Amino acid sequence: MIPQSAITKASAPASPGGDGFPFSLDSFNGLELRDSVMGDEEGDVFELDKVRRAFAGEALLNNMHLQGGVNVGTSQPFYIPSDVIKGPHGNWTKKLPPYLDSNNQTVPPDQVGWLRKREKRDGTLEKRTTTVYLSLTQCTRPSTNKTNAAGLFPQLEVYVSTSNKLQLPGPGKDSSLQTVATASAGYLSMEIEADDNVYISVAAPNSTDYQGNYGFHIAASIDDYFFKTVELEEDQPPVLYFLDSDQNAALLVTNNLTQANEGSDNFNQWMNMTPPYMMWAQNTNNTDLDGLEMSVCALNGFAKVKSNAKDDVTMTSRGLGNKPKQQFYLLGLNSSSTYYGTLGTAQNASNNLGFTDGEIGGGGTVWSRMNFTTKIGVFPSRILLSEGRRVYTNIDLNPDNNCAVLYNLTFCSEVAYAVPSNPNKTVEELRQIYDNYTSTYYQNFNYSLQQIQCHADPESMFSLSVDCDKCAQAYKQWLCSVSIPRCADFSSNDSYKHVRNAAQAFINGSHLPEDSPYRQEAKSNYSRNAIIDTLIKPGPYREILPCTDICYTMVKDCPAALQFGCPTGALLNASYGYRNSEGIITCSYLGAAYYLSLGARLGIWGGFYMLAGMWALWWALW
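1 is the number of the first residue of the sequence shown in UniProt numbering; add one for each residue after it.
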């Protein structure tokens with residue numbers, strides 16, 4: 001926009017009435033006559049101007065986004081008309097079933113929404129101004145020739161004025177008449193109290209190191225932010241949990257989405273709905289998203305892996321207290337790679353941008369990212385001598401895909417981790433092998449359990465504290481845990497990962513040397529489950545042992561007549577592992593996830609932290 005003062009000065013004749021005009025041009029602004037218009041700053045207006053003058057920029061309507069773009073060192077104006085600010089509120093669109101809290105009480109969505117707004121505002125029920133929620137998500141960034149500086153660009157700035165005296169805010173303008181905010185990680189949000197027009201400028205700061213354009217989307221709402229982000233604190237539970245990976249895939253789940261009991265209407269509503277969340281994954285070595293980590297449009301545009309139809313994205317109640325949650329089975333990953341995982345709301349898009357205009361929160365929600373790592377999937381091709389023993393290093397390693405993520409089994413339905421595999425076996429073949437084996441053994445156990453007085457009078461029961469149902473549950477967990485080992489990379493040096501099946505050839509046909517220490521011990525020479533070596537033939541791998549308490553629980557919950565017992569001493573340590581207090585899976589148990597809270601790992605479900613995580617997910621979709 002050309003400054004008004006520049007126009008009048010350039011057009012002014014030498015004397016009033018020159019060139020046939022009855023008045024001097026510097027006293028005529030196209031709207032009214034005045035003595036002079038000199039001395040005004042760009043964007044300042046007189047009283048008649050603010051009534052008749054067209055506003056600069058496009059109008060932002062309630063819960064409708066606009067697309068913009070600015071070059072380095074320039075700005076783009078927008079405004080929110082007063083009739084939008086004073087106009088009707090939008091309607092909350094119900095996206096999710098209601099959730100039940102830990103007291104089994106339904107929390108109405110309108111109360112949740114109101115509580116959120118009251119927390120943001122000053123508590124006054126009657127206000128003369130309206131709270132406007134302005135949000136911006138940056139889609140592209142400027143370029144640079146500097147090395148390793150792609151994500152260090154100056155973030156966009158947003159200048160806001162609620163004064164009719166400054167209708168074109170921006171850098172260098174009267175700071176008493178405007179407010180400025182700077183985006184972070186490609187996202188910006190502002191709350192504005194207004195009773196009339198709001199004037200906005202999106203500015204790209206000057207820079208000598210960066211060139212080109214910033215692309216962005218901007219939206220205003222008198223209801224709630226159109227674009228939302230949730231940045232979790234370190235002491236908050238994650239909303240996305242990593243279960244396990246193999247060389248090219250990973251399995252993750254959300255936190256619990258309700259505390260409803262299985263079989264209830266609320267439980268079934270969650271389980272039967274279309275999965276409401278989506279997920280992006282980006283290799284940490286890829287810098288395309290640096291500086292734009294919290295931007296929904298940048299994630300849509302640049303993330304190399306997005307949950308879609310080729311992936312298995314479903315609702316599940318497996319693990320985490322057996323409550324409804326959403327799972328993501330991501331394919332197309334690189335081996336031995338660390339990825340950032342970002343959770344967002346799935347879009348019921350009315351356009352190809354994935355945003356739903358006219359809907360409160362229609363721009364979606366992005367949560368702060370987590371990370372996970374895929375397996376290496378290798379065997380050693382170089383053997384080194386250390387202190388007289390042969391040791392195997394990760395030098396010159398060759399690929400050997402003998403761990404595969406397995407889940408959705410029919411019998412051992414709580415299994416969801418990488419298991420010993422062979423690339424010549426399909427996932428469905430692996431499911432059948434493991435499921436058939438465990439279900440057969442369970443049937444034999446069930447015949448024995450039927451001989452126990454489970455449903456007799458209290459005087460005749462084997463125990464008053466536990467019953468046969470608890471015994472059956474404990475035995476099934478033990479059976480699935482020990483029969484379907486949790487597979488880890490053979491190249492790992494972690495002490496809690498034990499070598500198995502060392503006598504067998506690797507997938508490519510090569511063997512460990514006959515004098516390898518792993519081939520001299522029975523515990524490492526074979527798998528604990530013989531069918532792994534005979535039917536699957538994964539070659540050497542490492543196993544994360546089942547947790548010791550799984551065996552102890554089975555012995556405690558089952559009648560002595562079954563003569564169950566756990567090993568002791570060195571045999572116990574060779575067969576079972578111990579839980580870790582830091583969130584690392586150092587022993588295998590059904591429902592395990594990395595970095596669960598301590599209470600969750602010990603089976604204390606529905607506590608404050610788990611509930612808080614579930615609320616965070618639920619609120620974002622109302």
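Ideal placement from N, C-alpha and C gives every residue a C-beta, glycine not left out.
Keep in mind it's a predicted model, so treat the numbers as computed, not measured.
DSSP bridge partner residues for residue i (one or two, in chain order)
i           : result
residue 625 : For residue 625 there is no data in the structure shown, the boundaries of the chain being 1 and 622.
residue 497 : 544
residue 483 : Answer is none; residue 483 lacks a bridge partner.
residue 77  : 201
residue 536 : Its beta-bridge partners do not exist; DSSP assigns none.
residue 157 : 182 and 203
residue 59  : 79
residue 325 : 316
residue 132 : 192
residue 143 : 211
residue 65  : 219
residue 280 : 306 and 342
residue 367 : 230
residue 138 : 216
residue 588 : 546
Host alpha helix (DSSP H) of residue i (start-end)
i           : result
residue 83  : 82-85
residue 522 : 522-525
residue 572 : 569-575
Cβ neighbour criterion (16 or more within 10 Å) applied to residue i
i           : result
residue 146 : exposed
residue 488 : buried
residue 235 : exposed
residue 338 : exposed
residue 447 : exposed
residue 195 : exposed
residue 584 : exposed
residue 578 : exposed
residue 165 : exposed
residue 469 : exposed
residue 515 : exposed
residue 521 : exposed
residue 393 : Below a pLDDT of 50, predicted positions are generally treated as unreliable, and residue 393, at 45, falls in that range; the measurement from the model is reported next regardless. Classification of residue 393: exposed, given that the 10 Å Cβ count is below 16.
residue 369 : buried
residue 125 : Low per-residue confidence applies at residue 125: pLDDT is 43, beneath 50, and the placement is therefore not dependable, though the value from the model is reported in the following sentence. Classification for residue 125: exposed.
residue 129 : exposed
residue 571 : exposed
residue 209 : exposed
residue 410 : exposed
Limits of the unbroken beta strand (DSSP E) element including residue i
i           : result
residue 486 : 486-488
residue 213 : 213-221
residue 299 : Where residue 299 is concerned, there is no enclosing beta strand (DSSP E), although the alpha helix (DSSP H) it sits in stretches over 296-302.
residue 433 : Note, residue 433: premise wrong, no beta strand (DSSP E); alpha helix (DSSP H) at 427-449.
residue 244 : 240-245
residue 268 : Premise fails: residue 268 lies in the alpha helix (DSSP H), 265-272, not in any beta strand (DSSP E).
residue 373 : 370-373
residue 343 : 338-345
residue 254 : 250-254
Cutoff 6 Å; reference residue i; Cβ partners in own chain excluding five residues on either side
i           : result
residue 647 : Examination of residue 647 is not possible in this model, given that the chain is present from 1 through 622 alone.
residue 303 : 280 and 282
residue 206 : 73
residue 212 : 142 and 143
residue 215 : 69, 139 and 140
residue 287 : 150
residue 313 : 275, 307 and 328
Spatial neighbours of residue i in its chain, beta-carbon cut-off 7 Å, leaving aside the 5 residues before and after
i           : result
residue 21  : Note on residue 21: pLDDT 37, under 50, position unreliable in the model; no value is reported.
residue 387 : In this predicted model, residue 387 has a pLDDT of only 36, less than 50, meaning its place in the structure is not dependable; the value taken from the coordinates is given anyway. Nothing meets the Cβ criterion.
residue 433 : 531, 535 and 536
residue 89  : 222 and 223
residue 407 : 251, 415 and 416
residue 298 : 138, 139, 186, 289 and 292
residue 58  : 66 and 78
Cβ-Cβ separation, residue j to residue i (assumed contact under 8 Å), whole Å
i           : j           : result
residue 343 : residue 240 : 5 Å
residue 485 : residue 431 : The pair is not a contact, with the Cβ atoms about 15 Å apart (cut-off 8 Å).
residue 227 : residue 364 : 7 Å
residue 323 : residue 253 : Residue 323 to residue 253, Cβ: 11 Å. No contact.
residue 245 : residue 418 : 7 Å
residue 190 : residue 158 : 7 Å
residue 593 : residue 242 : 7 Å
Other residues of its chain near residue i: CB distance less than 8 Å, five sequence neighbours each side excluded
i           : result
residue 97  : 258, 266, 269, 270 and 273
residue 547 : 481, 576, 577, 578, 579, 587, 588 and 589
residue 414 : 318, 319, 477, 480, 590 and 591
residue 351 : Note on residue 351: pLDDT 49, under 50, position unreliable in the model; no value is reported.
heavy atom of the ligand GTP below 7 Å from residue i C-beta
i           : result
residue 499 : Absence of the ligand GTP is noted for the structure shown, with no ligands found whatsoever.
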